[in-house]
Each structure stands twice: as structure tokens, then as C-alpha cells.
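Student:
Numbering (the UniProt record's numbering), first residue to last: 1 to 236.
1) Please say whether residue 135 and residue 84 have beta carbons closer to each other than 9 Å?
2) What residue range is occupied by the uninterrupted alpha helix (DSSP H) comprising residue 31?
3) May I have the straight-line CA-CA distance separating residue 66 from residue 119, to the nearest angstrom?
4) I'd like the span of the alpha helix (DSSP H) that includes residue 193, first residue to last.
5) Just to check my reading of the structure: residue 199 and residue 181 have Cβ atoms closer than 8 Å, yes? What is that Cβ distance to the nearest angstrom?
6) Alpha carbon to alpha carbon, how far is residue 152 from residue 36? Give it in angstroms, no decimals.
7) Roughly how far, in whole angstroms, is the beta-carbon of residue 193 from the beta-carbon of residue 127, given that I think they are within contact range, below 8 Å?
8) Could you name each continuous beta strand (DSSP E) segment of 3 residues or more that falls completely within the region 148-181, going from the start of the chain to the end?
9) Which same chain residues, not among the five before or five after residue 202, have their C-beta less than 8 Å away from its C-beta?
10) So what does DSSP say about residue 116, is it helix, strand or coil?
11) Figure out for me which residue from 95, 101 and 79 has the closest Cα to the Cα of residue 29.
12) What does DSSP give as the partner residue(s) for residue 186 in the beta ladder?
13) If you follow the alpha helix (DSSP H) that residue 214 is part of, which residue opens it and which one closes it?
14) In terms of residues, what are the limits of the beta strand (DSSP E) holding residue 229?
As C-alpha cells, this is what we get:
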């Protein structure tokens with residue numbers, strides 16, 4: 001069996017490339033699929049992975065540098081992350097995803113778990129605690145400072161499609177015709193997440209989700225004397 005050696009680099013045209021060592025036929029076909037169908041150009045990459053080529057390759061390099069993922073004999077970090085993003089971005093099951101990337105559904109599942117664990121290890125980079133300091137975009141601004149100097153961010157919810165058992169569907173069907181979960185998120189004025197709560201059924205009222213976030217032991221904390229902007233539905 002041939003070994004696969006992967007190295008991330010840049011062409012002179014500033015587009016990312018991956019250099020491979022000796023490969024067997026399956027590895028070669030998989031590599032060609034990624035180059036022709038995934039990394040062909042920014043538009044294709046964005047459509048297939050929901051992420052442009054630049055951010056995608058930087059993200060993969062970050063995971064590699066942090067030693068959260070490593071290149072394997074038959075799967076580079078880029079291929080592992082690409083398979084994961086395609087799976088979640090298009091709600092594809094393991095077996096169909098495996099057919100696309102010339103790997104088995106079991107391999108897709110294995111790398112899916114590795115990648116999602118690696119992303120979880122970045123939680124302190126991706127989610128920041130809210131600050132009591134006046135946001136720079138508001139401080140000193142004659143239009144906003146008098147009214148929003150104590151505002152630390154915005155809270156809103158979104159409905160994300162969910163795959164649930166038949167008996168749970170009625171509880172998960174709220175605003176949408178399909179089953180969803182109600183996900184609440186808080187962001188600051190630099191568009192950084194400060195809190196995320198997922199898992200509530202789609203039929204749950206926004207106020208109920210907010211109340212749960214505030215009452216949890218490690219839930220949403222509002223600094224003394226500060227406030228978040230929320231939609232009218234959160235106060236019902």
C-alpha cells in the first residue's frame with residue numbers, strides 16, 4: 001500500500017496547493033475530485049463547503065498548527081475538514097458523502113468526529129465572554145453613546161433544521177414546516193459570539209429559551225448595570 005505525504009503551500013499566483021507523495025489509485029481519484037469539484041475556484045469552494053478557499057486553507061492550517069488534526073496516510077487535514085464541511089453544509093449522510101470522496105461511510109463518520117472535536121477545542125477562540133467595557137463603536141459617538149453605552153451586545157435566535165425521531169417532530173415544528181431546533185446566540189459589537197445555546201425544540205418560544213439561558217448554572221451572564229438588545233418576542 002502506498003503512503004500519502006501532504007504539505008500545504010502556496011503557488012506564485014497566491015492560490016493554495018497541496019503537494020502529495022506516492023498514492024494508490026483511490027487516493028489519486030479522491031485528490032482529483034477535491035481539486036476539480038471543491039478547490040477549483042472560490043465560487044465552487046463556497047458552494048461545496050460554505051467557505052471560501054482562503055478562509056478554508058487558513059482554518060485547516062490553524063488546526064494543523066495547534067496539533068488538533070494531523071495529516072493521515074490517506075487523508076490530509078484539508079480533505080478531513082472538507083469532508084466534514086460538505087457533510088454539515090449540505091446535510092449529507094455518511095454513505096452518500098463517502099461515495100463522493102471515495103471513502104466508506106465508516107471513514108466519513110470517524111473523521112467527522114475527529115474534526116468536530118478539533119473545532120470544539122477552539123471554543124475559547126471562537127466564543128468570548130462579554131465585556132463590561134463600553135464598545136469602541138459606541139463610546140464617544142454622539143448618536144449612540146447616550147443610549148447604548150451600557151449595551152454589551154445583541155441576542156437573537158435562529159431555527160436550524162433538525163433530524164429527529166417521528167414522535168419528536170410535533171415539538172420541533174414551530175415556525176417552519178419541517179423539524180427545527182431553536183438556537184439562541186449572543187454577539188458583541190465586533191460580531192464575536194459571547195454565548196450560544198442550542199437544543200431547544202423549534203416550537204419553543206424565544207422567551208422560554210432566553211429564560212433557560214439565564215437560569216443555567218453556566219448560562220448567559222449579563223454584567224452588572226449592562227444590557228443586551230433583544231427582539232420583542234423575548235419579553236413575551
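Note that beta-carbon positions come from the ideal geometry of N, C-alpha and C, so glycine has one too.
Tutor: Quick answer:
1) no
2) 25-33
3) 11 Å
4) Looking at the DSSP string, residue 193 is not in any alpha helix (DSSP H); the run it does join, the beta strand (DSSP E), is 193-201.
5) 6 Å
6) 45 Å
7) 5 Å
8) 151-161
9) 159, 162, 171, 172, 173, 174, 175, 176, 179, 180, 181 and 182
10) helix
11) 101
12) 155 and 195
13) 206-215
14) 227-229
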